[in-house]
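The structure appears below as structure tokens.
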Amino acid sequence: MKKNIVFALIAASLLTACASSGKSDKESKIEQKVDSVMKLMTLDEKIGQMVLYSSDWDVTGPSLKKGYIDDIRKGNCGNIFNAHTAAYTRKLQKIAVEESRLHIPLLFGYDVIHGHKTIFPISLGESTSWDLAAIEKSARVSATEAAASGINWTFAPMCDISVEPRWGRVSEGAGEDPFWGSKIAAARVHGFQGDDLSDTLTILACVKHFAAYGAPLAGRDYNTVDMSERVFLDMYLPPYKAAIDAGAMSVMSSFNELDGVPASGSKYLLTDILRTKLGFKGFVVTDYTSINEMVNHGVASTEADAGLLAVKAGVDMDMQGEVYFKYLKKQVEEGLIPGKMIDDAVRRILKVKFMLGLFDDPYRYCNEAREKREIYSPAHLEAAFDVAKKSMVLLKNDNNTLPLQKGEKIAVIGQLAASTRDLLGSWKAAGDWNFMKSTLDELKIYNGEANVIYAKGCKTSGTDRSGFSAAMLAAQRASKIVMVIGESWDLSGEATSRTSISIPGVQTELLEKLKTLNKPIVVVLMNGRPLDLSKESELADAMLETWFPGTMGGKAITHVLFGEYNPAGKLTMTFPRNLGQVPIFYYEKNTGRPLYLPNPKYKSRYIDCPNDPLFPFGFGLSYTTFAYSDIKLSTTELTEKGELKASVNVTNTGDKDGEEVVQCYVRDLVGSVTRPVKELKGFEKIALKVGESKVVTFIITPGMLAFHRLDMSYGTEPGDYKLFIGGNSREVKETEFKLK
Ligand code: GLC
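Rendered as structure tokens:
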């Protein structure tokens with residue numbers, strides 16, 4: 006069919022829409038356009054829109070399909086991922102738009118998780134910045150560069166809450182807290198989608214991995230997830246909800262089962278919760294071959310049966326599985342699936358393509374001049390530098406070892422110090438590291454080549470100690486030692502669960518040897534998960550968590566070490582003393598035998614380790630210090646329609662200007678079900694000059710105290726509460742109030 010007939014029909018239906026509805030409602034216009042295309046489609050072409058294949062430009066799963074270009078030409082594949090650049094996406098789009106029968110434009114998806122070419126800190130690192138504007142900016146820059154490179158859909162934000170440091174994908178998330186994770190999810194959706202999806206520099210967000218993928222048993226990726234509905238609804242669902250409330254128009258179903266049902270076949274998750282409860286209006290795409298994997302899960306005996314489960318559960322698009330392509334048509338023809346179910350799925354997909362403006366101009370994202378202008382622009386690199394600095398967490402700084410003094414002779418030790426690839430972390434999208442500067446490069450630029458002595462010492466893995474002596478010699482020639490240790494970039498991300506969360510290899514052994522030189526040692530950490538740093542924190546005089554800080558990470562680390570930037574990051578996942586404490590998180594329950602009971606034995610404790618973590622949620626130091634006044638409440642009784650204001654006065658009591666993330670937690674002392682000992686309900690990041698004070702006020706309303714009660718109704722319960730304010734979840738001022 007000629008392309009112009011299709012567009013003429015769309016135009017005609019548009020006129021009808023305006024005439025009949027008399028309203029210029031963008032949505033009803035789009036629905037009319039969708040209907041006009043649907044009328045032209047064969048069943049094969051409808052199913053083609055429900056198919057997503059990876060190009061061979063990148064591999065992000067266990068299988069690749071050959072012949073996807075021919076599938077596009079035949080209308081058997083309406084969506085592609087892992088393809089980018091304006092040129093290559095234009096090539097593929099041209100085949101869809103000019104060679105297929107109905108000329109329906111392609112979606113181009115990609116894992117733009119923390120940057121496209123300009124790479125920002127890994128998402129867990131961004132979360133420790135506690136700077137929503139910076140996080141949104143990161144998503145905005147990522148979307149701009151991705152859109153300029155032909156991509157119109159990112160498989161982000163990852164909204165999986167997790168308390169499992171063994172699970173390597175915590176690196177992609179926002180940590181353990183539902184409140185903060187929800188804020189970040191919404192900010193990222195705004196950053197990606199902007200206010201108008203048809204803008205050429207905005208891209209479709211994809212809320213993943215729906216749902217509760219971050220709670221695999223034993224921290225083993227893809228493993229079973231089993232939790233109470235109350236824990237799911239109160240602790241794991243909120244960030245997905247926040248992303249959907251922020252307008253995300255696609256959702257990715259996860260690999261895991263929840264309560265015995267794999268997400269891609271779960272009507273409870275994909276219809277009852279996602280569409281009915283949350284009101285989601287976009288389309289659902291599966292994760293990589295997760296329909297097929299329902300055979301392995303044991304809920305379908307064939308892929309065809311798995312496809313039936315998925316389409317009935319509410320899956321609109323099959324990522325890489327070829328299940329919909331192979332079996333749906335016959336299943337419709339045999340009456341196993343109502344044709345309306347296919348139509349509804351295709352309508353949701355086409356609606357998004359119209360929202361993206363792809364029917365108006367299928368090549369709108371394929372502008373090579375704009376691509377050259379946007380990629381690695383100075384403003385983007387500056388933004389990445391800013392977020393990288395803000396993401397870093399000062400975990401220890403005895404005797405003010407940091408900041409370093411410019412000009413002092415430092416020995417820099419460790420493979421990671423000289424690495425550029427590791428700075429990008431996992432899921433680096435199209436980020437490249439060839440032009441980047443390493444931490445070592447940046448230290449030399451800042452401090453002078455002669456004042457920086459480098460020795461690799463050892464790799465991040467293995468037992469080769471042959472570099473130890475050179476490292477010791479280098480350290481002997483310096484006044485301070487900066488040892489960069491941690492995980493290589495590929496030890497976190499997908500399919501990287503570890504049964505140990507210790508620093509790998511012999512890095513810590515070398516640190517112990519360096520300690521014998523009795524020189525101040527600064528440990529710089531690069532890692533994608535909370536680690537067991539019990540030994541390292543004993544050996545180091547100062548310790549800086551830098552995660553994988555991205556394209557500008559080397560310069561950011563340098564500027565923090567030398568005090569050009571005073572670190573203010575705060576942990577968003579608890580760092581345990583050892584793996585034996587895991588799972589460990591701040592919003593634990595009190596239990597019937599809490600630690601504070603006078604009885605020395607019969608209480609909830611370990612006989613070989615304290616209960617408290619090494620570094621708690623919300624923890625992070627500064628080069629200055631802060632003092633908190635007692636909390637002042639506007640009232641000690643919060644009424645159903647009222648609000649309560651809780652204020653503290655925070656003072657910079659140190660000798661450097663700095664920033665502090667002031668955190669507010671509450672505790673419901675008695676409920677119809679047990680309640681966490683703390684729940685984050687607010688925070689404010691403030692900047693204070695030396696000696697300056699500021700009053701920080703949090704507003705608490707009854708709705709903030711709602712939860713799923715004993716009868717699973719959602720709401721509040723009157724009673725006594727505690728309220729805490731402090732610079733982390735453990736060191737807090739406290740007071741109390743009543744909810745009437
Ligand atoms: C992977 C990941 C998912 C990603 C998708 C496409 O298996 O689980 O996060 O978006 O496949 O690359």
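In this text, residue positions in the sequence shown follow the numbering used here: the first is 6, and each later residue adds one. Think of the CB as a built atom: it goes at the ideal place given N, C-alpha and C, for glycine as much as any other residue.
Task: Inter-residue Cα distance where the pair is residue 225 and residue 631 - done: Inter-residue distance for residue 225 and residue 631 is about 40 Å (C-alpha atoms, whole angstroms).
TODO: May I have a chain-ordered list of the beta strand (DSSP E) segments no shorter than 3 residues that lie completely inside the stretch 684–740?
DONE: The beta strand (DSSP E) runs lying completely inside the stretch 684–740 and spanning 3 residues or more are 684–693, 698–705, 724–731, given in chain order.
Open item on the list: Which residue marks the beginning of the beta strand (DSSP E) containing residue 656, and which one marks its end?
Closed with: For residue 656, the enclosing beta strand (DSSP E) begins and ends at 649–657.
Open item on the list: With distance defined between alpha-carbon atoms, name the residue in 561, 94, 198, 343 nearest to residue 126.
Closed with: Residue 561 is the option with its Cα nearest to residue 126.
Open item on the list: Closer than 6 Å to a non-hydrogen atom of the ligand GLC - does that hold for the CB of residue 574?
Closed with: In terms of side-chain proximity, the C-beta atom of residue 574 is found no nearer than 6 Å to any non-hydrogen atom of the ligand GLC.
TODO: Grab the span of the alpha helix (DSSP H) containing residue 336 for me, first residue to last.
DONE: Counting along the chain, residue 336 sits inside the alpha helix (DSSP H) bounded by residues 328–338.
TODO: Classify residue 106 as helix, strand or coil using the three-state DSSP reduction.
DONE: Looking at residue 106 - three-state DSSP - the assignment turns out to be coil, as it is neither helix nor strand.
- [ ] Ignore the nearest five residues each way along the sequence and tell me which others in residue 28's own chain have a CB closer than 7 Å to its CB.
- [x] Its pLDDT being 44, under 50, residue 28 is placed unreliably in this model, and the coordinates cannot settle the point.
Open item on the list: What does the Cβ neighbour count give for residue 708, buried or exposed, with the cut at 16 atoms within 10 Å?
Closed with: Counting of Cβ neighbours within 10 angstroms places residue 708 among the exposed residues, the total staying below 16.
Open item on the list: Within the continuous beta strand (DSSP E) that includes residue 672, where are the two ends?
Closed with: First-last of the beta strand (DSSP E) with residue 672: 663–673.
TODO: Classify residue 633 as helix, strand or coil using the three-state DSSP reduction.
DONE: Here residue 633 sits in strand by DSSP.
Open item on the list: Closer than 6 Å to a non-hydrogen atom of the ligand GLC - does that hold for the CB of residue 205?
Closed with: Not so, every heavy atom of the ligand GLC lies at least 6 Å from the Cβ.
Task: Where residue 444 sits in the DSSP three-state scheme - done: Residue 444: helix per DSSP, three-state reduction.
Task: Where residue 42 falls: helix, strand or coil (DSSP) - done: Of the three classes helix, strand and coil, the one that applies to residue 42 here is helix, per DSSP.
TODO: Could you tell me whether the Cβ atoms of residue 326 and residue 276 are closer together than 7 Å?
DONE: Taking 7 Å as the Cβ cut-off, residue 326 and residue 276 do not qualify as a contacting pair.
Task: Cut-off 8 Å between Cβ atoms - residues of its own chain near residue 738, not counting five sequence neighbours on either side - done: Once the five neighbours on either side are set aside, the close Cβ partners of residue 738 are 633, 634, 635, 636, 653, 729, 730, 731.
Open item on the list: Can you look up residue 459 in the DSSP assignment and give me helix, strand or coil?
Closed with: In this structure, residue 459 counts as strand in the three-state DSSP scheme.
Task: Cβ distance (whole Å) where residue 368 is taken to contact residue 95 below 8 Å - done: Going by Cβ atoms, the distance from residue 368 to residue 95 rounds to 6 Å, so yes, they are a contact pair.
Task: Near the ligand GLC: residue 66 beta-carbon under 6 Å from a heavy atom - done: It does: the Cβ of residue 66 is within 6 Å (strictly closer) of some heavy atom of the ligand GLC.
Task: Distance between residue 48 and residue 645 (C-alpha atoms, nearest Å) - done: Cα to Cα, the separation comes out at about 54 Å.
Task: Closest residue to residue 134 among 571, 704, 702, 648 (Cα-Cα distance) - done: Per the Cα distances, 571.
TODO: On a CA-only basis, which of 332, 180, 209 is nearest residue 308? Give me that one, please.
DONE: Nearest C-alpha to residue 308 among 332, 180, 209: 332.
Open item on the list: residue 248 and residue 190 - do their beta-carbons sit closer together than 7 Å?
Closed with: Contact flag set, yes.
Task: Residue closest to residue 713, alpha-carbon to alpha-carbon, out of 192, 179, 236, 414 - done: Nearest C-alpha to residue 713: 236.
Open item on the list: Is the separation between the beta-carbon of residue 379 and that of residue 229 shorter than 7 Å?
Closed with: No; because the gap between Cβ atoms is not below 7 Å, this pair is not in contact.
- [ ] Identify whether residue 796 lies in helix, strand or coil by the three-state DSSP scheme.
- [x] In the structure as shown, the chain starts at 6 and stops at 745, and residue 796 therefore has no counterpart that could be examined.
Task: Any non-hydrogen atom of the ligand GLC within 6 Å of residue 293 CB - done: Correct: residue 293 has its Cβ closer than 6 Å to the ligand GLC.
Task: Euclidean distance between Cα positions of residue 744 and residue 246 - done: About 26 Å.
- [ ] With hydrogens ignored, establish whether the beta-carbon of residue 215 is closer than 6 Å to any heavy atom of the ligand GLC.
- [x] Flag unset: Cβ of residue 215 not near the ligand GLC.
Open item on the list: For a test of the three-state rule: what should DSSP assign to residue 212, helix, strand or coil?
Closed with: Looking at residue 212 - three-state DSSP - the assignment turns out to be strand.
Task: Pairwise C-alpha distance: residue 340 and residue 722 - done: Taken atom to atom, the span from the alpha-carbon of residue 722 to that of residue 340 is near 49 Å.
Open item on the list: Buried or exposed, going by whether 16 or more other CB atoms sit within 10 Å of the CB of residue 504?
Closed with: Residue environment for residue 504: exposed (fewer than 16 other C-beta atoms within 10 angstroms of its C-beta).
- [ ] Evaluate the contact criterion for the stretch 567–582 versus the stretch 397–412: three or more CB pairs, one atom per stretch, below 8 Å.
- [x] They touch, by the three-pair rule.
Task: Residues sharing a beta bridge with residue 402, DSSP - done: Per DSSP, 547.
TODO: Whole angstroms is fine: what's the gap from residue 591's alpha carbon to residue 233's?
DONE: If I take the Cα positions, the gap works out to 19 Å.
Open item on the list: Less than 7 Å between C-beta atoms, sequence neighbours within five positions excluded: which residues of the same chain meet that for residue 205?
Closed with: The answer, listed in chain order, is 152, 369, 370.
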